[in-house]
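Q: Quick note on our numbering: the sequence shown kicks off at 801 and runs consecutively.
Yeah, the Cβ is synthetic: ideal placement off N, Cα and C, and Gly gets one too.
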Amino acid sequence: MLENTTPPKLIPVTKWHEHHQYPPIGGLRHLIFHADTNGFKSCIKRIGRRVLIDEVAFFAWIELQNKQA
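#1: Taking only the alpha-carbon atoms, compute the straight-line gap between Lys845 and Val851 and give it to the nearest angstrom.
#2: Would the C-beta of Ile853 count as close to the ligand GTP, meaning under 7 Å from any of its heavy atoms?
#3: Less than 8 Å separating the beta-carbons of Trp861 and Phe840?
#4: Using three-state DSSP, classify Lys867 as helix, strand or coil.
#5: Give the DSSP-derived three-state secondary structure of Arg850 in the structure shown.
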């Protein structure tokens, strides 16, 4: 049976600043470009050429980065 779960909030990179002040779009693009080496790949969802950021995964990734430091 299906559970009542809400889908993750996916935010287009170009609209990130409408939801959060940090990081700026240029910073997100840098993270996306280096996603294979910095672990940010878990935060990215791609639909064709469109790149979306999974908001919950992003903040989990931030916490993980803080624990590793």
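A: If we stick to the structure as given:
#1: 6 Å
#2: No copy of the ligand GTP occurs in the structure displayed, which carries no ligand at all.
#3: yes
#4: helix
#5: strand
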